[in-house]
Amino acid sequence: MAELAAAMSVPGAFANLKISCPCCAPLQLDDDDDDDYVAPQLDELPPELATALVFDSHCHTFAAADGRYAGITQATEEANWPTVLAACASPRLRPGLGVHPWQAHLVDDVDAFVGRLASNLAEHPAAIVGEIGLCKCAKNVRGAKEERERGLAQQRAVFDAQLRLAARLGRPASVHAVKQHAPLKAALGAVEATPGFAVALHSFSGTAHHVKELLALVDYPLFFGFSHTINVAMNGRRGLAALDDAIRAVPEDRILVESDVDDAAAARVATCRAVQLVATARGWTPTQTAKTTSANAVKWLS
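Under this note's numbering, think of the first position of the sequence shown as 1429, with each following residue one higher.
The following block contains the structure:
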C-alpha cells in the first residue's frame, strides 16, 4: 500500500499548512515495520483478510489496533478532544474533533463552542470534524413533545454550526444520522463548500433511493460508510436485503468501511467484518474491497 502512504503524505486541503503536531503527521499506511507481524485468527472471515491492510473510517479507540490497520478516531464531546489528540500521536490514527448529537445538550453557547473547535482545528491541521450529526434516538430528544422538540432543535443548531465550519475550513466531516433524513438533506444542501470539504455518512442506514437522492443533492464529495457493528449486529438481519441494495447503490469510489467501536483490540476485526459485508454485497473479493475502501478513505481525507 505504498501508493496510499504517498498520497497521505501531502493531503490536498492541508498541503500548505505546517504540520507541527504528531497527530497530524502523515498516516503510516505501508507495512515496512511489520516484519514480525503475527496475523490474528479471524473466525468466519476469509483468511486473506488476516494480513490485509484495512482502513477504519470511523472509530472511537484511543490506540492503534496493529500494523495492518489505519483509522480515524473521533471524539464524541469536547471533554475527550485531548484524549483523541493524544491517541493520534500513533502514525496509524488520525483525529476527529466535534460533538456527537447524543452530547449536543452539553453545548451551552454554540457560537463560543464553534470558536473553540475552530481554534483546535487550526492547531491540528490534519484533524477532521467529527463525530457530528443528528439522531432521533438520542436520550436528549426523549420525553414530552416540548422536550423532544427542544432537544432536536439543539442537535440541529450544534450540527449545522459544525458542518458549516468544516465546509468553510475545507475539512472532511464524519456525520451520524439516524431517523433524520429530511433535516440531514437540508443541512447538506445548504452548505457552501470549499476545496477539501467532503462528508462521510457513517454506518449509513438509508436505502438505495436515499443514496441516489443524496448524491444528486450536493456538488462536493459524499462518501458512505458501512459497519458490521451497527448495520448488522445492532440493526439485525431483517433489513439485510435493503442494506445490500444500499451498498450496491454507492459508487465504487465513494464507499468506506468502519468498525465504530471503542475497543482498540476489537477495531481491526470489526473493520474486517465490514470489509466482508461490502465484499459480499458487491461481489468483490475481500482483498479488492480492502484496497478499494482504503483508497477511498484517502480520497475522503485529501
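Ideal Cβ positions, reconstructed from N, Cα and C, are used throughout, including at glycine.
Fair warning: this is a prediction, and the values are worked out from it, not measured in the lab.
Here the C-alpha atom of G1558 lies approximately 15 Å from the C-alpha atom of A1515. According to DSSP, P1523 shares a beta bridge with T1501. When Cβ pairs closer than 8 Å are counted between the two stretches, the stretch 1518-1525 is seen not to touch the stretch 1568-1579, the count staying below three.
For H1533, the CB contacts under 8 Å within the same chain, skipping 5 residues up- and downstream, are N1568, G1579 and Q1582 in chain order.
By the CB criterion at 8 Å, R1696 and F1652 fall outside the cutoff. Taking 8 Å as the cut-off, the Cβ atoms of G1524 and I1500 count as close. Annotation for L1562: the continuous beta strand (DSSP E) segment containing it runs I1556 to C1563. Counting only residues of its own chain and dropping the five nearest sequence neighbours on each side, A1670 has a CB closer than 7 Å to the CB of T1635.
CA-CA distance, C1565 to F1654, rounds to 19 Å.
Look at the beta carbons and you see the stretch 1709-1725 touching the stretch 1676-1693: at least three pairs across the two are nearer than 8 Å. Around the C-beta of L1645, fewer than 16 other C-beta atoms lie within 10 Å, and the residue is accordingly described as exposed. Taking A1692 as the centre and dropping the five residues before and after it, the same chain places the C-beta of T1489, F1490, A1491, A1492 and A1493 closer than 8 Å to its C-beta, in chain order. Taking 8 Å as the cut-off, the beta carbon of A1601 is found closer than this to the beta carbon of V1627. By the criterion of a C-beta distance shorter than 6 Å, T1622 is surrounded in its chain by G1598, once the five residues flanking it on both sides are discounted. Note on geometry: alpha-carbon atoms of A1546 and F1625 lie some 15 Å from one another.
Within the stretch 1630-1656, the complete alpha helix (DSSP H) segments of 4 residues or longer fall at 1636-1645, listed in chain order. According to the DSSP assignment, F1483 belongs to the beta strand (DSSP E) that extends over V1482 to C1487. The residue among L1481, W1509 and A1507 with its C-alpha nearest the C-alpha of T1720 is L1481.
Counting the other Cβ atoms within 10 Å of the Cβ of P1510 gives fewer than 16, which makes it exposed.
Straight across, the Cα-Cα distance linking S1722 with H1656 is about 17 Å. Following the DSSP letters along the chain, one finds V1706 inside the alpha helix (DSSP H) bounded by residues A1692 to R1710. If you ignore the 5 residues before and after A1589, its C-beta comes within less than 7 Å of the C-beta of V1538 and V1542, all in its own chain and listed in chain order.
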